[in-house]
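Colleague:
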Amino acid sequence: MAKFLVQKSGPLYGEVDISGSKNAVLPIMAASLLAGAECEIMGVPALKDVEVMCGLLRSVGSSVSEDYANNRIVISTPERVSDEAPYELVKKMRASILAMGPLLAKTGRVRIPLPGGCAIGLRPIDLHLKGLQALGAEITPKPGYVEAKAETLRGGNVYLDFPSVGATENIIMAAVLADGVSIIENAAEEPEIVNLANFLNKMGAKIKGVGTNTIKIEGVKELSGCKHSVIPDRIETGTFMIAAAITRGNLLIKNVLPNHVKPITAKLRECGVSVEYNDESILVRGDASPLRSTDIKTLPYPGFPTDVQPQFMALLTTMNGPSVIIETVFENRFMHVGELNRMGANIKIEGNNAILHGGRPLEGAKVICTDLRAGAALVLAGLAAEGTTEISEIYHIERGYSNFIEKFRKIGAAILKIDG
Ligand code: UD1
453 MAKFLVQKSG PLYGEVDISG SKNAVLPIMA ASLLAGAECE IMGVPALKDV EVMCGLLRSV
513 GSSVSEDYAN NRIVISTPER VSDEAPYELV KKMRASILAM GPLLAKTGRV RIPLPGGCAI
573 GLRPIDLHLK GLQALGAEIT PKPGYVEAKA ETLRGGNVYL DFPSVGATEN IIMAAVLADG
633 VSIIENAAEE PEIVNLANFL NKMGAKIKGV GTNTIKIEGV KELSGCKHSV IPDRIETGTF
693 MIAAAITRGN LLIKNVLPNH VKPITAKLRE CGVSVEYNDE SILVRGDASP LRSTDIKTLP
753 YPGFPTDVQP QFMALLTTMN GPSVIIETVF ENRFMHVGEL NRMGANIKIE GNNAILHGGR
813 PLEGAKVICT DLRAGAALVL AGLAAEGTTE ISEIYHIERG YSNFIEKFRK IGAAILKIDG
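Shown next, in the form of structure tokens:
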């Protein structure tokens, strides 16, 4: 199995270009199943998860042309598609569940295995199912998979108990072709949902209110194809902002939407990191003043993103003083804590709080990626640690970061991929 070897590096210095958002492109690809004509998607990141979604679309009958050199994919879906997603693909990636809404809307029936993906909690799909039920679907849970049927979906009202990103997306994708008006309350407000709705509206859908907690969808008879661009990845942006801070470096991060990383900017500034931005780039300087610790609490957007919590925790281990990190989105998102402690960090977990005493020097060790963002956190910690950090199970990182090694090496990180 391939590994990363990371050595103390930095200060990292130079420019990084951020790729398109993983969490935006996956639902957009799923939504292309609804299109009556070709969809051209631009700004597509070269990622394992995107390849898995391409495989899933092909498995139900779409034709997909992948052109990662130009960050572009083109998807054509015939009128008749299969209503069943294969287990081999779904088990690799939780976002496969996003095919459920579009397949149900298109074929009137869908069988989908229960999804896999990062092991960061129970991650049930009850809210997805509750939403589809409100649109008239009959849901039958079976061992290992779920079946949903609806001759005709009709508009309905859904109140989500938690603003789930995936459930909001699935319900939108089912409701766009439903008969009548649907309203989703306590909807997720993430920018990726806005990007998805803009795509669907270009195809002829009538979705209003995205980016707020109440979304209104007026069903239409059919959708056409379109050309659409994926937004920059705010989690990758946050990861590089933290890379500048943890190495006390100076990075110009380009192809970004600074509004999408406001909570990260605010917390870095609290720590004494200098963050300046214009419309499309962010300059982050970890060398501007001595850094001090702070606390973070993850929340649905526009709160501090759970997907940046592990990386920020790595940063906090390098600052003198105590910090409390409260994880409110996933119940099991501290698996990186044990690995950071192996590198010399001093972090204790109490329920959904991590209590950290920063400032103890980190030392390179053999560590394991337990999930995608935990993997990024270990790389960041490795850049600040004395000696060599050997990171295994790096396929997690490759699922969600495009050209990860190349981007880090270009700004001066001593990181190497080895096979074996
Ligand atoms: C998406 C992102 C993921 C991010 C997460 C939260 C994608 C492909 N992935 O995941 O990177 O970490 O949002 O920002 O976009 N929940 C339920 N029942 C459900 C659905 C969710 O209880 O039916 C719970 C989950 O277990 C979790 C919380 O709600 O505790 C948030 O999950 P959700 O917002 O749905 O995350 P995902 O869409 O899976």
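My numbering puts the first residue of the sequence shown at 453, with every later residue one more than the last.
Where is the CB? At the ideal position from N, CA and C, for every residue including glycine.
Would you mind giving the Cβ-Cβ distance between residue 454 and residue 871, rounded to the nearest angstrom? I have them listed as a contact below 8 Å.
Modeller: 5 Å
Colleague: On the DSSP bridge list, what partners appear for residue 706?
Modeller: 469 and 733
Colleague: With DSSP as the reference, identify every bridge partner of residue 494, one or two as the case may be.
Modeller: 524 and 681
Colleague: Give me the Cα-Cα distance between residue 569 and residue 545, rounded to the nearest whole angstrom.
Modeller: Any reading at residue 569 must be qualified, since the residue scores a pLDDT of 47, below 50, and its modelled position is unreliable; the value itself is stated next. Their Cα atoms are separated by approximately 4 Å.
Colleague: Could you tell me the alpha carbon to alpha carbon distance between residue 542 and residue 502, rounded to whole angstroms?
Modeller: 13 Å
Colleague: Which residue spans inside the region 621-652 form an unbroken beta strand (DSSP E) run of at least 3?
Modeller: 633-637
Colleague: According to DSSP, simplified to helix, strand and coil, what is residue 711?
Modeller: helix
Colleague: Could you please give the first and the last residue of the uninterrupted alpha helix (DSSP H) stretch that includes residue 789?
Modeller: 787-794
Colleague: Give the single residue among 750, 741, 706 and 725 whose Cα lies nearest to the Cα of residue 733.
Modeller: 706
Colleague: So for residue 741, helix, strand or coil by DSSP?
Modeller: coil
Colleague: Below 8 Å on the Cβ atoms is my contact criterion, and I expect residue 745 with residue 810 to pass it. Report the Cβ-Cβ distance as a whole number of Å.
Modeller: 5 Å
Colleague: To the nearest angstrom, how far is it from the Cα of residue 621 to the Cα of residue 725?
Modeller: If you draw a straight line from the Cα of residue 621 to the Cα of residue 725, it is about 35 Å long.
Colleague: Figure out for me which residue from 777, 856 and 736 has the closest Cα to the Cα of residue 751.
Modeller: 777
Colleague: Given residue 674, which residues of its chain have a CB within under 8 Å of its CB, disregarding the five upstream and five downstream residues?
Modeller: 488, 629 and 656
Colleague: Could you tell me the alpha carbon to alpha carbon distance between residue 643 and residue 473, rounded to whole angstroms?
Modeller: 10 Å
Colleague: May I ask you to check if the CB of residue 617 is nearer than 6 Å to at least one heavy atom of the ligand UD1?
Modeller: Answer for residue 617: yes, Cβ within range of the ligand UD1.
Colleague: Does DSSP classify residue 814 as helix, strand or coil?
Modeller: coil
Colleague: For the ligand ATP, is there any heavy atom lying closer than 6 Å to the beta carbon of residue 577?
Modeller: For the ligand ATP, the structure offers nothing, since it holds only the ligand UD1.
Colleague: Quick one: Cα of residue 868 to Cα of residue 812, how far?
Modeller: 25 Å
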